[in-house]
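Residue numbers (my numbering), protein chains in the order written: chain A, 1 to 343; chain B, 1 to 343.
Number of protein chains: 2
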Amino acid sequence: MTIYDIAKAAGVSPSTVSRVINNKKGINEETRRRVQQLLEENNYIRNDTARGLSMQSTKIIGILLEDIRSSHHTESVYVIEQEMTRRGYTCIILSTGRTSEQKRNCVQILEQRRVDGAIFIGSVFETEEMAVLLRTHLSNIPIVIANGYLDLPNVYGVVVDEEKGVEDCVEYLASLGYQLPAFVKSEDTPSGQHKEDGFIKGVEKLGISPKEAIIYSSLCEEANPGLILERGSQITEQLVKEHPEVDSIVYLVDLLAIGGLMKLEELGIKVPQQIGVLGIDNTLYGRICKPALTTLNNKLVETSKNASRILLDALEKNETSHKFMLFTDIVERDSTRKKEGIL
Amino acid sequence: MTIYDIAKAAGVSPSTVSRVINNKKGINEETRRRVQQLLEENNYIRNDTARGLSMQSTKIIGILLEDIRSSHHTESVYVIEQEMTRRGYTCIILSTGRTSEQKRNCVQILEQRRVDGAIFIGSVFETEEMAVLLRTHLSNIPIVIANGYLDLPNVYGVVVDEEKGVEDCVEYLASLGYQLPAFVKSEDTPSGQHKEDGFIKGVEKLGISPKEAIIYSSLCEEANPGLILERGSQITEQLVKEHPEVDSIVYLVDLLAIGGLMKLEELGIKVPQQIGVLGIDNTLYGRICKPALTTLNNKLVETSKNASRILLDALEKNETSHKFMLFTDIVERDSTRKKEGIL
DNA sequence: TTGTAGGCGTTATCAT
DNA sequence: ATGATAACGCCTACAA
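This is how it looks when you write it as structure tokens:
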């Protein structure tokens, strides 16, 4: 069922049908009604592929992220998809995976599909390598990075001040009497680096020099949630064995922290009395575990909401700033609260 | 950069370029090499929109589910997307929302995009209304329902025997000495109904008649995880108040159960000693909460894996059965274990 | 107000 | 082995 078929049935030309479909003005009410009727009777469905080809605009936008299973990313994808769909765009969501090659492949898919715009979720896209890739391969469509920024004319960024956020965390811990915090990081990403920097700034205020700062790295082959949990346990065991003097731990993400909580309980170490524990990302996991996890809310969902709004503005040629910044909160729960005494 | 541009530069016709791109045989090695070279030099990217129009096949598949934030669905989407992408298809993932109207809209998007096939995740798509919709609107492409089935020529289904699964749960509880289980359900879905049926079958074996069975319903406006958690708490409070004699509760999904756990702790009711708690879906949440949640693994990820395999077979015209069934396991954790005595 | 014709970038058929 | 041409379904000047 094409506009040709409808045109024939209605005794008009295809262009007239097209006009009716797209609510153009300057059409006889009578013919419009007749065509409308035929369209419904035959339940005509327009062909977005043909339309995209003709209009040089697919109304598709690409969403790239390393792994949709990361719980903080899932909700981001959700809000973006909802907003875009509401505005008549269709989303292609791709879990790229870790390697640059995988990311390049996904970018190529976006190119082939001729997406009108894209959102990249995660600071992992804030790299020089990605900048080069974008300059050569996606320089003609608007792109928004959620939690990252690249200085290119067609790229927009919403960043979160995570460095300050983690610095605040350390300060918060200190205010509760925790004097010797450790930091557990994971894969090297710009976001992770900012957090580590914040941690170092924080402990410096406690009189701990950067080189004395206790920082462990828990690498994880895959963004599989169950795996991250286990890695959190493992690294925590190692940490408390090698540094029994540590009185608090800040983990790069909630799940690592929760893995830590489990190990600490297993070892008979009381949280928050003996060790305070703090996660990052404010995922639901942190509400569920016991003790409930104090966590840094780095506003990832809000970041994504903004990203979609910015992309829509750019697509519709509205003026927009290229860079936005959001700030974090600490969500206080039971895994830190030394002052309160008994849990 | 189109095949015309390349053709001109290479001094050949567009068809020749097309042939090179698609690795057709019967081309002079010399020209192939020359064209290949030009393609790379100009980093030509093929236009899948044009290709789709010409080939009458978009290589796009649609994935519909009510809400991607449901954690058991997230992983399903992930595995499907990975498999499809690997096979050269691109996925459009749509969180439809609850209402039929929303679902119809999403189906329309799939139609407009001329997807080659679709996967519907969730038993909510196993309804008469959906069958009618599919017969009229998507009768010409293969569709697979994950955790559901409709008897239409182009529809395939992978179902899980959840009725038997929940029946097993009750039997399992009984084997631990729990004699009076309650069931907490939620929105009415086919899957929910099967589970309820299983529960009733189960308690009948304990000498409880269907009308005596204690069943509560916890409605939730939205599939928002945080909200589900709260609803679990609320309904549990009501349940234990009205039925203090209940010694175990089976919840429709893990998060409801965990909300229940929280409330029970608040009320000073010991799990598993006073009340045994059992979830469904085997999500990561159940590993994290305390006590860790015993849960029915209903194989949703495996179901989705199968769904994508079946869809690929159907797309490539391989013979496939229309209906598959998987069976559940019980994942035993600390929220039931009366026998062991002390936790 | 409506129709004609060309173009969007491919693929496929039929010649050559 | 290669080229010309039509077709895919739609949109949009431009013409009438």
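In this text, a Cβ means the ideal position worked out from N, Cα and C, and glycines have one as well.
When you compare the CB of residue i with every CB in chain A, is at least one pair closer than 8 Å?
| i | result |
| --- | --- |
| Val77(B) | yes |
| Thr74(B) | yes |
| Arg69(B) | yes |
| Ile21(B) | no |
| Leu343(B) | Any reading at Leu343(B) is ruled out, since the residue's pLDDT is 39, under 50, leaving its predicted position unreliable. |
| Thr295(B) | no |
Taking Cβ to Cβ, would you say residue i is nearer than 8 Å to residue j?
| i | j | result |
| --- | --- | --- |
| Thr294(A) | Arg333(A) | yes |
| Tyr285(B) | Ile258(B) | yes |
| Val240(A) | Val246(A) | yes |
| Ser248(A) | Ser217(A) | no |
| Ile121(A) | Thr90(A) | no |
| Ala307(B) | Pro142(B) | no |
| Gly62(A) | Ile92(A) | yes |
| Glu128(A) | Thr96(A) | no |
| Val158(A) | Asn147(A) | yes |
| Ser123(B) | Thr189(B) | yes |
| Glu162(B) | Gly202(B) | no |
| Thr85(B) | Leu296(A) | no |
| Val166(A) | Lys195(A) | yes |
| Ser233(B) | Gly260(B) | yes |
Find the residues of chain A that neighbour residue i, judging by a C-beta separation of less than 7 Å, and give them in chain order.
| i | result |
| --- | --- |
| Leu53(B) | Thr49, Ala50 and Leu53 |
| Tyr172(B) | Simply none; closest approach about 23 Å. |
| Thr58(B) | Thr49 |
Name, please, each residue of chain A whose Cβ falls closer than 8 Å to the Cβ of residue i.
| i | result |
| --- | --- |
| Lys290(B) | Cys289 and Lys290 |
For residue i, tell me which candidate among the options has the shortest Cα-Cα distance.
| i | options | result |
| --- | --- | --- |
| Lys164(B) | Arg337(B), Thr328(B) and Thr336(B) | Thr328(B) |
| Met262(A) | Ile288(B), Thr96(B) and Phe324(B) | Ile288(B) |
| Arg337(B) | Leu173(B), Ser308(B) and Thr90(B) | Leu173(B) |
| Leu64(A) | Pro181(A), Ala213(A), Arg46(A) and Thr74(A) | Thr74(A) |
| Glu266(B) | His243(B), Asp281(B), Leu255(B) and Thr236(B) | Thr236(B) |
| Glu316(B) | Gln112(B), Asp116(B) and Glu222(B) | Asp116(B) |
| Tyr44(A) | Met84(B), Ser57(B) and Glu111(B) | Glu111(B) |
| Ile103(A) | Gln82(A), Glu81(A), Leu133(A) and Gly88(A) | Correcting the residue identity first, residue 103(A) is Lys in this sequence and not Ile. It is Leu133(A) whose Cα lies nearest to the Cα of Lys103(A). |
| His255(B) | Cys220(B), Leu326(B) and Ile275(B) | Per the sequence shown, residue 255(B) should be read as Leu rather than His. Nearest C-alpha to Leu255(B): Cys220(B). |
| Glu204(B) | Val77(B), Val170(B), Asn224(B) and Ala50(B) | Val170(B) |
| Arg46(A) | Gln37(A), Asn22(A) and Arg33(A) | Asn22(A) |
For a contact meaning CB atoms closer than 8 Å, what does residue i contact in chain B?
| i | result |
| --- | --- |
| Tyr285(A) | Leu284, Tyr285 and Ile288 |
| Ile214(A) | Going along chain B, no residue has its Cβ under 8 Å from Ile214(A), so there is no contact; the nearest lies around 25 Å. |
In chain A, what lies closer than 9 Å to residue i by C-beta?
| i | result |
| --- | --- |
| Ile45(B) | Gln108, Glu111, Gln112, Arg114 and His137 |
If the cut-off is 8 Å on Cβ atoms, which residues from the segment 223 to 234 of chain B count as contacting chain A, listed in chain order? Contact residues of the segment 223 to 234 of chain B toward chain A are Pro225, Gly226 and Leu229 (C-beta to C-beta distance below 8 Å).
Along the segment 81 to 114 of chain B, what residues have a CB closer than 9 Å to any CB found in chain A? Within the segment 81 to 114 of chain B, the qualifying residues are Glu81, Gln82, Thr85, Thr90, Cys91, Ile92, Ile93, Leu94, Ser95, Gly97, Asn105, Cys106, Gln108, Ile109, Glu111, Gln112, Arg113 and Arg114.
Taking beta-carbon pairs under 7 Å, can you tell me which members of the segment 246 to 261 of chain B lie near chain A? Within the segment 246 to 261 of chain B, Ile258 place their CB atoms closer than 7 Å to a CB of chain A, listed in sequence order.
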